[in-house]
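Engineer: In the numbering used here, the protein residues as written are 15 to 202.
Here it is in structure tokens:
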């Protein structure tokens, strides 16, 4: 009986020691899980930071006048800056910015939009001869389905009328009404 008591006591001590080891292992396991979560979060933060820094240099998908294309961040910024000048009514600066844009990005997806807004800026600057040339270039170069075609034709007709070329203005308006009868420009 005494021997059984000792055996039971030894077994009980062993069980307590094992429980202590299990508790220690559980604590270590929880600490490792927390450390792993911290490392994963730091790795995720570093990846996002790297992606954010690289995004400043990588081309981005842009949609202008229904046309989708890739544009570099610098190209997009230059276009947006020129458009901001048009919106402010600083047409002289806008003409310079759009002209510089054309030289720097001759094969840009913005080319048609730049031509249209360059013509508008020239018109706003009262440089009618240049505006007419730019609008003609836009009308000839952009597809006939381009959403700005009717507006460009109307602006060309207005510039022609202000240049005292009523015959050309009537011809342009006639062509506008014939090609785009349902457009707002034709209604105007």
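Just so it is clear, CB atoms sit at the ideal spot from N, CA and C, and this is done for glycine as well.
Quick caveat, the model's predicted, so the values are computed rather than measured.
If you check the beta carbons only, do residue 171 and residue 190 fall under 8 Å apart?
Structural biologist: Taking 8 Å as the Cβ cut-off, residue 171 and residue 190 qualify as a contacting pair.
Engineer: So, residue 78 versus residue 124, is the Cβ gap smaller than 8 Å?
Structural biologist: The answer is yes: Cβ separation under 8 Å.
Engineer: To the nearest angstrom, how far is it from the Cα of residue 106 to the Cα of residue 87?
Structural biologist: The alpha-carbon atoms of residue 106 and residue 87 are separated by roughly 24 Å.
Engineer: Give the range of the alpha helix (DSSP H) segment to which residue 13 is assigned.
Structural biologist: Given a span of 15 to 202 for the chain in the structure shown, any question on residue 13 remains unanswerable.
Engineer: Can you tell which of 91, 180 and 174 has the C-alpha that lies nearest to the C-alpha of residue 137?
Structural biologist: Out of 91, 180 and 174, 174 has the C-alpha closest to the C-alpha of residue 137.
Engineer: By Cβ distance, which residues of its chain are closer than 6 Å to residue 187, with the 5 residues on each side in sequence left out?
Structural biologist: Answer for residue 187: 171, listed in chain order.
Engineer: Can you find a CB in chain B that lies within less than 8 Å of the CB of residue 28?
Structural biologist: The structure shown contains no chain B, having only a single protein chain.
Engineer: Per DSSP, which one or two residues make a beta bridge with residue 74?
Structural biologist: Its beta-bridge partners are 85.
Engineer: Just confirm the distance between the C-beta atoms of residue 115 and residue 128, as a whole number of angstroms; I'd bet it's less than 8 Å.
Structural biologist: Their Cβ separation, rounded to whole angstroms, is 6 Å, which keeps residue 115 and residue 128 in contact under 8 Å.
Engineer: What separation, rounded to the nearest whole angstrom, lies between the Cα atoms of residue 157 and residue 197?
Structural biologist: Those two C-alpha atoms are separated by around 16 Å.
Engineer: Let me know if residue 53 comes out buried or exposed under the rule of 16 or more other beta-carbons within 10 Å of its beta-carbon.
Structural biologist: Per the 10 Å Cβ criterion, exposed.
Engineer: When you compare only the Cα positions, how much space is there between residue 42 and residue 70?
Structural biologist: Taking the straight line from one Cα to the other gives about 42 Å.
Engineer: Can you tell me which of 155, 94 and 147 puts its alpha carbon nearest to the alpha carbon of residue 76?
Structural biologist: It is 94 whose Cα lies nearest to the Cα of residue 76.
Engineer: Can you say whether residue 122 is buried or exposed, counting buried as having 16 or more other CB atoms within 10 angstroms of its CB?
Structural biologist: By the 10 Å Cβ count, residue 122 comes out buried.
Engineer: If I'm right that residue 112 touches residue 166 with Cβ under 8 Å, what's the distance once you round it to whole angstroms?
Structural biologist: About 14 Å separates the two Cβ atoms, so there is no contact after all.
Engineer: By the 10 Å Cβ neighbour count, where 16 or more other Cβ atoms means buried, how is residue 162 classified, buried or exposed?
Structural biologist: That one is buried.
Engineer: According to DSSP, is residue 159 part of a helix, a strand, or is it coil?
Structural biologist: Coil.
Engineer: Let me check understanding here. Comparing Cα to Cα, which of 126, 176, 90 and 109 lies closest to residue 132?
Structural biologist: Residue 109 is the option with its Cα nearest to residue 132.
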